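Read top to bottom, the protein sequences are chains A and B. Residue numbers for the first sequence follow the numbering used here, beginning at 1 and rising by one. Residue numbers for the second sequence follow the numbering used here, beginning at 1 and rising by one.
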Amino acid sequence: MNRLWKQFKQGLIYENPLLMLMIGLCSALAVTTSVSNAIGMGLAMTFVLLCSEVMISAFRKTIPESIRMPIFIIVIAAFTTIIDYTMQAYFPALSKSMGVFIPLIVVNCIIMGRVEAFAYKQKPLICVADALGMGLGYTWVLVGIAAIRELLGNGTLAGIQVMPDSFQPILFFTLSPGGFLVFALFISLNLWLKGRMQKSAAAKAEAKNQEVAA
Amino acid sequence: MTKQYAKLGFILAAFSLVACVGLSFVYAATKDRIANQASVQLQASLKELFPEADAFKDVTADLGGSFKGATLDAAYLVERSGAPMGMAVKASGNSYGGPATLLVGVGIDRRIAGVRVLDSKDTPGLGYNAMNPSYFVDKATKKTFPGQFTGKALTDGFAVKQDVAAIAAATITSKALTGIIKASGDAAQAYLEHTSSVGGN
């Protein structure tokens, strides 16, 4: 249980796919112009990541190494298409506003990376923890970036006007340079968080050591 | 060696087969709902453009096809208690990121009754703002990009940045959509004139 929790935490902060591994950035910068898009994209990614990791982990012994890549792509593409159809059928507005980025989950390197580096070598249960950690780690960063960009760039949050009418939207934040700026701020925020957590963990370990020595 | 390759091919085929079967089930389960969503959206938009109408007669057969750079996908003669009160044209054309689909309503008074953007493939946050109901080209009057056409006479100017306010940083989208709107409006007007002259004589 402890091991699962640890793996889950890895994706949230220590090995956050966007802020630490820095993969899958292109679509992340593109969809973060509005909070609802960010939530939709984050959850869609988490679903595909979870299903693909578990599936590939379960069949890892029957997948020959020489053709593992095409098989990964088949599995990932199948789950991506399932989520694409489902969103078109049940969340048409969200599906419309995400446009081409849902089908593009197939080639997102976070999924390919986790499947290749993790799921192909591990048991299904720990893959669930890894996929949820990575997926939610991806989602919180997307939603955070999108909240800042949408608020400053359009004066709204999830489509609802929150800034007073006198507020002049700063178009810069909607455009890609603004995306890069906010993204960089999140990287430094994450580094700070990570440093603090490591320090407190080290302090705890030291206190334990002293206890043992005493 | 050949045997080895055959085995690999077989495994790959097996995975593909399972994925295809799975997908065909998902497709069958969602197909009707997806088609339904599109027609529900169209009906809702028609009602929004002409809240007083009680019948939308499909006249696509008389009007469909290519017209001034736009493709007219569907056309409806809008009626109220049997008397025509305008036209609604669903038209598509090329915009910045791919085809855009619009629904343009034209009143019997030769003015645009309203415009709805049904689909756009343009850049999210820029050209895509044509579909965003909370993006205003004119903040003071809270007019959206398609909203500014409501009430505009077809004889007015349609030059972007002079007569039509453009979406910020999306001039190509603004020009493309304006072109589709103008083409649909002209097509609708021509049809209305044709039918009213036939009806009048």
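Note that beta-carbon positions come from the ideal geometry of N, C-alpha and C, so glycine has one too. These numbers were taken from a predicted model, which means no experiment stands behind them.
- In terms of Cα proximity to residue 139 of chain A, the closest of A:192, A:36, A:185, A:97 is A:36.
- DSSP places residue 95 of chain B in the strand class (E or B) of the three-state scheme.
- Residue-level contact check: residue 15 of chain B touches chain A, since one or more beta carbons of chain A fall below 9 Å from its beta carbon.
- For residue 168 of chain B, the residues of chain A that pass the 7 Å Cβ criterion are 171, in the order they occur in the chain.
- Closest in alpha carbon position to residue 16 of chain A, among A:136, A:115, A:31, A:43, is A:136.
- In the DSSP assignment, residue 75 of chain A falls outside any beta strand (DSSP E) and within the unbroken alpha helix (DSSP H) covering 68–90.
- Secondary structure of residue 97 of chain A (DSSP, three-state): helix.
- Here the alpha carbon of residue 199 of chain A sits roughly 10 Å from the alpha carbon of residue 206 of chain A.
- Straight-line spacing of the CA atoms in residue 33 of chain A and residue 109 of chain B works out to 40 Å.
- When the five nearest sequence neighbours on each side are left out, the beta carbons in the same chain lying within less than 8 Å of the beta carbon of residue 172 of chain B are those of 95, 96, 127, in order along the chain.
- Taking the Cα of residue 124 of chain A as reference, the smallest distance to any Cα among A:29, A:46, A:52, A:39 is reached at A:52.
- Three or more beta-carbon pairs separated by less than 8 Å are not found between the region 91–111 of chain A and the region 52–62 of chain B, which leaves the two stretches without contact.
- Remark: C-beta atoms of residue 25 of chain B and residue 183 of chain B do not approach each other more closely than 9 Å.
- For the C-beta of residue 70 of chain A, the chain B residues within less than 7 Å are, from N- to C-terminus, 12.
- Relative to the Cα of residue 70 of chain B, the nearest Cα in the group B:62, B:80, B:92, B:87 belongs to B:92.
- Counted as a single uninterrupted DSSP element, the beta strand (DSSP E) harbouring residue 112 of chain B occupies residues 112–119.
- Under the three-state reduction of DSSP output, residue 124 of chain A falls in the helix class.
- By the rule that beta-carbons nearer than 9 Å mark a contact, residue 120 of chain A does not touch chain B.
- Here DSSP, grouped into helix, strand and coil, assigns residue 80 of chain B to strand.
- One finds 88, 89, 92 in chain A with Cβ atoms closer than 8 Å to the Cβ of residue 37 of chain B, taken in chain order.
- Our two residues, residue 81 of chain A and residue 90 of chain A, have alpha carbons roughly 14 Å apart in a direct line.
- Residues of chain B with a Cβ closer than 7 Å to the Cβ of residue 74 of chain A are, in chain order, 15, 16, 19.
- When rounded, the separation of the alpha-carbon atoms in residue 81 of chain B and residue 122 of chain B is 40 Å.
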